[in-house]
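Sequential numbering from 2 applies to the sequence shown in this note's numbering.
Yeah, the Cβ is synthetic: ideal placement off N, Cα and C, and Gly gets one too.
Working notes, structure below.
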Amino acid sequence: MTHLIKKYKWPALLAVALVAFSASIFFLIKSYTYDASTYFESRDFIRQLKQADANWNVKILRKKIGINNNLSLTPPPEAASRWEQLEQLNNSGPLAALWASRRQGYVEAVKNKSLLVEQFQQHNTHLRAALDALPLAEDDIQTRLRAMGTDSPINRREVASSVLDLTLTTLEYALYVTSDKAEEVKSQLNALEQYIALLPPSYLPSFTTLTQHIESIIQEQPIVNDLIDRISVIPVAQELDSINELLNETQRRTAATERQYHIYLAVSAGLMAILMVYLVARLVRSSALITQINQELQSSNERLEERVEDRTRELMQAERELVEAARMAGMAEIATNVLHNVGNVLNSVNISADLVTRKLKNSKTLGLGKAVKMMNEHAEDLGRFITLDEKGKLLPRYFNELVESINAEQGLLIDELAQLTKSIDHIKEIVATQQTYAGAARLIEPLNVRICSKMRYA
Numbered sequence: 002m003t004h005l006i007k008k009y010k011w012p013a014l015l016a017v018a019l020v021a022f023s024a025s026i027f028f029l030i031k032s033y034t035y036d037a038s039t040y041f042e043s044r045d046f047i048r049q050l051k052q053a054d055a056n057w058n059v060k061i062l063r064k065k066i067g068i069n070n071n072l073s074l075t076p077p078p079e080a081a082s083r084w085e086q087l088e089q090l091n092n093s094g095p096l097a098a099l100w101a102s103r104r105q106g107y108v109e110a111v112k113n114k115s116l117l118v119e120q121f122q123q124h125n126t127h128l129r130a131a132l133d134a135l136p137l138a139e140d141d142i143q144t145r146l147r148a149m150g151t152d153s154p155i156n157r158r159e160v161a162s163s164v165l166d167l168t169l170t171t172l173e174y175a176l177y178v179t180s181d182k183a184e185e186v187k188s189q190l191n192a193l194e195q196y197i198a199l200l201p202p203s204y205l206p207s208f209t210t211l212t213q214h215i216e217s218i219i220q221e222q223p224i225v226n227d228l229i230d231r232i233s234v235i236p237v238a239q240e241l242d243s244i245n246e247l248l249n250e251t252q253r254r255t256a257a258t259e260r261q262y263h264i265y266l267a268v269s270a271g272l273m274a275i276l277m278v279y280l281v282a283r284l285v286r287s288s289a290l291i292t293q294i295n296q297e298l299q300s301s302n303e304r305l306e307e308r309v310e311d312r313t314r315e316l317m318q319a320e321r322e323l324v325e326a327a328r329m330a331g332m333a334e335i336a337t338n339v340l341h342n343v344g345n346v347l348n349s350v351n352i353s354a355d356l357v358t359r360k361l362k363n364s365k366t367l368g369l370g371k372a373v374k375m376m377n378e379h380a381e382d383l384g385r386f387i388t389l390d391e392k393g394k395l396l397p398r399y400f401n402e403l404v405e406s407i408n409a410e411q412g413l414l415i416d417e418l419a420q421l422t423k424s425i426d427h428i429k430e431i432v433a434t435q436q437t438y439a440g441a442a443r444l445i446e447p448l449n450v451r452i453c454s455k456m457r458y459a
């Protein structure tokens, strides 16, 4: 079991690290897909649509009183791209069906309102034409009545008064549509028809035109008012408010999803951090273990090399001892003579060396360090120190004496060293002379290399 754990431990850790890294990348990408500006732009687009609908209502009212003739619905700029943006935001997810129904409700509301506006425009055109032509027809009748002769069978003033009252009543009816006003207009028309029957045929077209305008107003004004009422209850703004509420809910859910992705991303990052810490700890531990093993191997190698060197030195020492033992017997007498002669020469060498040593110990150059130290202490004002200071004035004379002393000591040392060299050469001559009588200078002994190799690696 332990073997299986050790075998699949690192592959399992690698798999977990890859999964955590992939999940982190996935959650990171998902967390950045949310763009709050898109929702702000969409809500601004809904606000523009509501503003356009309000402007449309104002145009309808202005059209009713004859101020405006353009009743087309002006969509906001970039409406197509904004609708595509709304589709991308809401055509997927749990709110897709609700979005489709609310958008369809808005489209149906705009369509129904457009149909009513078209009908309103048709009836309002006839109504405005009749209202605009009514005063002109009334003025034409009044002009004709004033031109009528006094021998007319009807009373001109009564007819003119009836026409004026009928016109005013009709205009009042156009402002306030009531059944009482309608009955009053109809009764005045009936009374006017009695006068019309008494008029000459040349006057009939003017009265017929006036009557047609009044009947058109009585017919179209209720229809126009009803269409305006029906247009005002079309729930375009309400549908836009419902779409705006849907956008708010979508944004809330998207923000909640983004927070979840951030939490998942933090968990994945934490897991990766734990794995990294564990891997670093394992690497540090492995490095320390490897270093310890290397040190132990190096120590073992050094101990082994020391043992080999010791064995080698022992073999060489044994070899030297054998050679020395072989030669000692034949060289004892020669050594005695050589030592006697060399001893005599060494006495002179010791004397020369002792003299050189005493000269060096008592050399005047020992005070040179103190003089240099004194100069270094006064390096900034060295000239003033040498010329004005009592100790500084002594330095030039000291250096002159030191030069003379060094020259004298140098000559003496050269002579002693030359004498020493002669004594050493004399020793060499004695040794060389005695070697000619000592026989062979070397003794070659057989050595088993295999045994040495075994001892080297033992």
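Residue i versus residue j - alpha carbon distance
| i | j | result |
| --- | --- | --- |
| residue 424 | residue 384 | 50 Å |
| residue 187 | residue 218 | 12 Å |
| residue 373 | residue 379 | 10 Å |
| residue 142 | residue 121 | 31 Å |
| residue 202 | residue 138 | 17 Å |
| residue 165 | residue 59 | 33 Å |
| residue 154 | residue 199 | Reliability fails at residue 154, whose pLDDT of 49 lies under 50, so the model's placement of it is uncertain and the value that follows must be treated cautiously. Taking the straight line joining both Cα atoms gives about 7 Å. |
| residue 17 | residue 24 | 10 Å |
| residue 393 | residue 400 | 11 Å |
| residue 288 | residue 377 | 53 Å |
| residue 465 | residue 352 | A query on residue 465 cannot be resolved here, the shown segment of the chain reaching from 2 to 459 and no further. |
| residue 1 | residue 434 | Since the first residue of the chain shown is 2 and the last is 459, residue 1 is not available in this structure. |
| residue 53 | residue 258 | 34 Å |
| residue 430 | residue 421 | 14 Å |
| residue 213 | residue 239 | 41 Å |
| residue 323 | residue 314 | 14 Å |
| residue 390 | residue 375 | 12 Å |
| residue 293 | residue 302 | 14 Å |
| residue 41 | residue 243 | 16 Å |
| residue 281 | residue 309 | 41 Å |
| residue 148 | residue 182 | 31 Å |
| residue 115 | residue 101 | 21 Å |
| residue 253 | residue 55 | 28 Å |
| residue 13 | residue 296 | 32 Å |
| residue 19 | residue 249 | 38 Å |
| residue 355 | residue 291 | 59 Å |
| residue 26 | residue 277 | 17 Å |
Buried/exposed call for residue i, threshold 16 Cβ in 10 Å
| i | result |
| --- | --- |
| residue 175 | buried |
| residue 279 | exposed |
| residue 395 | exposed |
| residue 111 | buried |
| residue 264 | exposed |
| residue 61 | buried |
| residue 180 | exposed |
| residue 371 | exposed |
| residue 305 | exposed |
| residue 251 | buried |
| residue 15 | exposed |
| residue 87 | buried |
| residue 50 | buried |
| residue 298 | exposed |
| residue 466 | Outside the displayed span of the chain (2 to 459) sits residue 466, for which this structure offers no information. |
| residue 454 | Only weak support exists for where residue 454 lies, its pLDDT of 49 falling under 50; the value from the coordinates is given anyway. With fewer than 16 other Cβ atoms within 10 Å, it is exposed. |
Contact check, residue i vs residue j, beta carbons under 9 Å
| i | j | result |
| --- | --- | --- |
| residue 146 | residue 161 | yes |
| residue 22 | residue 300 | no |
| residue 47 | residue 241 | yes |
| residue 128 | residue 222 | yes |
| residue 208 | residue 228 | no |
| residue 357 | residue 403 | no |
| residue 195 | residue 170 | no |
| residue 178 | residue 226 | yes |
| residue 107 | residue 234 | no |
| residue 432 | residue 343 | yes |
| residue 167 | residue 211 | yes |
| residue 397 | residue 407 | no |
Anticipated Cβ contact below 8 Å, residue i with residue j, distance rounded
| i | j | result |
| --- | --- | --- |
| residue 132 | residue 232 | Not quite, the Cβ-Cβ distance comes to about 20 Å (not below 8 Å), so this is no contact. |
| residue 346 | residue 415 | 20 Å between Cβ atoms; not a contact. |
| residue 63 | residue 247 | About 33 Å; that fails the 8 Å criterion. |
| residue 215 | residue 205 | Contact doesn't hold; Cβ gap of about 15 Å is too wide. |
| residue 191 | residue 44 | That pair is no contact at about 60 Å. |
Can you list, in chain order, the stretches of the alpha helix (DSSP H) that have 4 or more residues and sit fully within the region 176 to 260?
The alpha helix (DSSP H) runs lying completely inside the region 176 to 260 and spanning 4 residues or more are 180 to 199, 205 to 233, given in chain order.
Where are the alpha helix (DSSP H) runs, 4 residues long or more, that stay fully inside the region 385 to 416, in chain order?
If you keep only unbroken alpha helix (DSSP H) runs of at least 4 residues inside the region 385 to 416, you get nothing at all.
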